[in-house]
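Undergrad:
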Amino acid sequence: MIELFLVRHGKTVWNQEHRLQGARGNSELLEENIHHIDALAARLKSEDFAAIYSSPLKRAFQTASRLAADLNYQKPIQIAEALREIDFGVIEGKRDEELKPEYQEQVKFFFNEPEKYDQTVLKGESYLQAAQRTKMFVMKLLEIYPDHSKIVLVSHGGILNVMINALLEIPLKDYRRHGGITNVSLTKVDVLDDGSAKLVTFNNTEHLENLEPTDTI
Numbered sequence: 001m002i003e004l005f006l007v008r009h010g011k012t013v014w015n016q017e018h019r020l021q022g023a024r025g026n027s028e029l030l031e032e033n034i035h036h037i038d039a040l041a042a043r044l045k046s047e048d049f050a051a052i053y054s055s056p057l058k059r060a061f062q063t064a065s066r067l068a069a070d071l072n073y074q075k076p077i078q079i080a081e082a083l084r085e086i087d088f089g090v091i092e093g094k095r096d097e098e099l100k101p102e103y104q105e106q107v108k109f110f111f112n113e114p115e116k117y118d119q120t121v122l123k124g125e126s127y128l129q130a131a132q133r134t135k136m137f138v139m140k141l142l143e144i145y146p147d148h149s150k151i152v153l154v155s156h157g158g159i160l161n162v163m164i165n166a167l168l169e170i171p172l173k174d175y176r177r178h179g180g181i182t183n184v185s186l187t188k189v190d191v192l193d194d195g196s197a198k199l200v201t202f203n204n205t206e207h208l209e210n211l212e213p214t215d216t217i
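Given below as structure tokens:
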């Protein structure tokens, strides 16, 4: 068994501007929200982590780096392409009001009716493709690390939601049933030796304060 500590990156300029931030956008973290990462580190200070992995995107790596420094974690942060955010194709960086009606419909499906989402309209990535890459990555971690290893994965709201649901083998139509994931929230999933998973806590924000609606997707 391995214990996964899933962390969404800190709040960015694009989050604040309501822009769709996918696999290629590299918006900076907001300086005024860095203390949220420090608060998460304070919460996790008693844990002994075998590894910290990060998405290759700047917003995730900056979050992972701050968290590692706060935790006095001495090993290198490992970059994992599998943790990159879902590719939203042609709508990357756009606000909802800037989108064509057919694109707005797909955004609605993505967040509310995943089974109707058609990534080909946006020239992006499907839920199935995202689920496959994240689950394969977690199964590799299960092979690599000793029993009861604690591993931090710093990633993004969309792909973390997909990963969690894929590990729990939840049907696609129910992928959003737990709701969204907040910046610098903590989700914990235990993955057993047979590949099955148990959700311990989802989108826990006890360490955060002054949250805004734009903090959760």
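Residue numbering for the sequence shown is 1 to 217, as defined by UniProt numbering. Backbone N, C-alpha and C define an ideal beta-carbon position, used for all residues, glycine too. Predicted model, so just to flag it, every value in this text is computed and none were measured.
Inspect the beta-carbon positions of E81 and P101 and report whether they are closer than 8 Å.
TA: In this structure, P101 does not lie closer than 8 Å to E81 by Cβ.
Undergrad: If you draw a straight line from the alpha carbon of L6 to that of E143, how long is it in whole angstroms?
TA: Answer to the nearest angstrom: the Cα atoms are 19 Å apart.
Undergrad: Here's the rule I'm using: 16 or more other beta-carbon atoms within 10 Å means buried, otherwise exposed. How should L67 be labelled?
TA: Answer is buried; the Cβ neighbour count reaches 16.
Undergrad: If you scan the segment 109 to 189 from start to end, which runs of the beta strand (DSSP E) of 3 or more residues do you find wholly inside it?
TA: Segments of the beta strand (DSSP E) lying fully in the segment 109 to 189: 149 to 155.
Undergrad: Can you give the Cα-Cα distance for K45 and D70, rounded to whole angstroms?
TA: Rounded to whole angstroms, K45 to D70 spans 8 Å at the Cα level.
Undergrad: Name the one or two DSSP bridge partners that L6 has.
TA: Partner(s): L153 and T187.
Undergrad: Measuring straight from C-alpha to C-alpha, what distance separates K94 and M163?
TA: Rounded to the nearest angstrom, the two C-alpha atoms are 24 Å apart.
Undergrad: I need the straight-line Cα distance from A64 to T187, nearest angstrom please.
TA: Roughly 15 Å separates the two Cα atoms.
Undergrad: Let me know the secondary structure DSSP gives A50 once reduced to three states.
TA: It is coil, neither helix nor strand.
Undergrad: For a quick check, are the C-beta atoms of V13 and E31 less than 8 Å apart?
TA: No; because the gap between Cβ atoms is not below 8 Å, this pair is not in contact.
Undergrad: Does the contact criterion of 3 or more C-beta pairs under 8 Å hold for the segment 149 to 159 versus the segment 36 to 51?
TA: Flag = yes, the segment 149 to 159 and the segment 36 to 51 touch.
Undergrad: Could you check if D87 is buried or exposed, using at least 16 other CB atoms within 10 Å of its CB as the buried criterion?
TA: Result: buried.
Undergrad: Grouping DSSP H, G and I as helix and E and B as strand, with all else coil, what is I217?
TA: Here I217 sits in coil by DSSP.
Undergrad: Does the beta-carbon distance from V154 to H9 come in below 8 Å?
TA: Going by C-beta atoms, V154 is nearer than 8 Å to H9.
Undergrad: Return the first residue and the last residue of the alpha helix (DSSP H) that A80 is part of.
TA: Premise fails: A80 is in no alpha helix (DSSP H) and is neither H nor E.
Undergrad: Exposed or buried, what is H18 when buried is set at 16 or more other beta-carbons lying within 10 Å of its beta-carbon?
TA: Flag for H18 reads exposed.
Undergrad: For I2 versus L141, is the C-beta spacing smaller than 8 Å?
TA: In this structure, L141 lies closer than 8 Å to I2 by Cβ.
Undergrad: Taking a contact to mean a Cβ-Cβ separation below 8 Å, would you say I159 touches T216 in this structure?
TA: Contact: no.
Undergrad: Quick check on K100: does DSSP put it in helix, strand or coil?
TA: Here K100 sits in coil by DSSP.
Undergrad: Tell me which residue opens and which closes the alpha helix (DSSP H) that A64 is part of.
TA: K58 to D70 is the extent of the alpha helix (DSSP H) around A64.
Undergrad: Within a Cβ cutoff of 8 Å, which residues of the same chain sit near M139, ignoring the five residues on either side of it in sequence?
TA: Closer than 8 Å at the Cβ level, and outside the excluded window around M139, lie G195.
Undergrad: Exposed or buried, Q74, counting other C-beta atoms within 10 Å across all chains shown (16 or more means buried)?
TA: The residue in question, Q74, is exposed, as its Cβ has fewer than 16 Cβ neighbours within 10 Å.
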